[in-house]
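>
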Amino acid sequence: MKFRVLGCSGSELDRSHPCSFMVGESILVDMGSGASRLTLEEQLRIKHIFLSHAHLDHTKDLAFFAENVFALRKHPVTIHASTNTLQVLKDHLFNGMLWPDFTKIPSESNPVMVFKEFNPGENITIASVTVTSVSVNHPGGCEALFFASPSGDVLYSGDTGPTTKVWDEVNHRGSKITSILLECSFPNRLDNVAHESGHLTPTLFHQEIKKIISSDIAIYAYHLKAPYRDEIIKELDDLHDQRVRVLEAGMKLDF
């Protein structure tokens, strides 16, 4: 299973790109920077987009993606997200005021994208990859996503503060889990902000990965807020945990 990191920052700043990942050549995970980091030809190959939640740093490029490809596709892209996330997009983004309703363009009978509810506990198989959704702890709701393939399982945490269900699922899957992408948004000195906003600091990150039984899982920290990136990396290094690496835009991972 191949992951291409289009963006993995918690901010939009200079060379920091918000979260978006390509799985294979036809699946995108979150749309913080999907349109701005792919060629038109690559965008036209996308068939499925999974959204962890509705916050702009995970959805904003869906607007530009739809505009780029609406007149060039024969079949719609399926947007998989929770009932709540899809409703937020309908009410506040694709509402004909902030942005055109691309679920009806170029026509209601053949739109550029269709919304499909994908709620916690559900799973869907696309080719050889099975995606499963699990709720995590973030204001407004957010879903972590498990990607299972014959080569192993990968967890994408989405945005989360300290949480429980997702680690129960990780431990249930045991040796099938090969890698975890876990957010770490703020430095330790902004612990209060992290708690209020449903995010992790390096200290909280460390407490979360202690909930994992297996010691053989690669752990990638992502969603670092760009103004504090160097500070967060230093604090992650101070954990002295050899499993932990910091994710970088442009990385190509083979799980």
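So this note's numbering is basically just the index in the sequence shown, starting at one, shifted up by 189.
Note that beta-carbon positions come from the ideal geometry of N, C-alpha and C, so glycine has one too.
#1: Out of THR392, ILE402 and HIS388, which one is the CA nearest neighbour of ARG362?
#2: Let me confirm a value: THR443 is counted as buried when at least 16 other C-beta atoms fall within 10 Å, else exposed. Which label applies?
#3: What residues are listed by DSSP as bridge partners for ALA252?
#4: Assuming contact is defined by CB atoms lying nearer than 8 Å, are SER209 and LEU229 in contact in what I supplied?
#5: Of the choices ALA407, GLY350 and ASN312, whose alpha-carbon is the least far from that of GLY330?
#6: DSSP three-state call for LEU261: helix, strand or coil?
#7: Over what stretch of residues does the alpha helix (DSSP H) that includes ALA316 continue unbroken?
#8: Considering only the beta carbon of each residue, do LEU413 and SER368 sit closer than 8 Å?
#9: Say the cut is 7 Å; is the CB of PHE283 nearer than that to a heavy atom of the ligand GTP?
#10: Runs of 4 residues minimum, wholly inside the region 350-398: which ones carry the alpha helix (DSSP H) assignment?
#11: Which ranges does the alpha helix (DSSP H) cover as unbroken runs of at least 4 residues, wholly within the region 218-253, from first to last along the chain?
#12: ALA415 to GLY223, Cα distance in whole Å?
#13: Expressed to the nearest angstrom, what Euclidean distance is found between the alpha-carbon atoms of PHE239 and ARG378?
#14: Along the chain, where does the alpha helix (DSSP H) that runs through ARG418 open and close?
#15: Would you kindly check if the distance between the Cβ of ASP250 and the Cβ of SER225 is under 8 Å?
#16: Considering only C-alpha positions, which residue in the set GLU372, ASP342 and VAL343 is nearest to ASN326?
#17: Beta carbon of LEU428, beta carbon of VAL435: below 8 Å?
#18: Measure how close the beta-carbons of GLY387 and SER241 come, nearest whole angstrom, since I'm counting them as under 8 Å.
#19: Can you give me the C-alpha to C-alpha distance between GLU397 and VAL359, rounded to a whole angstrom?
#20: Does the beta-carbon distance from MET211 to ARG193 come in below 8 Å?
#21: Should GLU332 go down as buried or exposed, given a rule of 16 or more other Cβ atoms within 10 Å for buried?
Inspection of the coordinates gives the following:
#1: Selected option, being the one with the closest Cα: ILE402.
#2: According to the sequence displayed, residue 443 carries Asp and not Thr. ASP443 comes out exposed.
#3: Paired residues: none, contrary to the question.
#4: no
#5: GLY350
#6: coil
#7: Premise fails: ALA316 is in no alpha helix (DSSP H) and is neither H nor E.
#8: no
#9: Inclusion of the ligand GTP in the displayed structure is not the case, the ligand content being empty and no account of it being possible.
#10: 354-362, 380-386 and 391-398
#11: 229-233
#12: 18 Å
#13: 33 Å
#14: 418-426
#15: yes
#16: GLU372
#17: no
#18: That pair is no contact at about 12 Å.
#19: 12 Å
#20: With a cutoff of 8 Å on beta-carbon distance, MET211 and ARG193 are scored as near each other.
#21: buried
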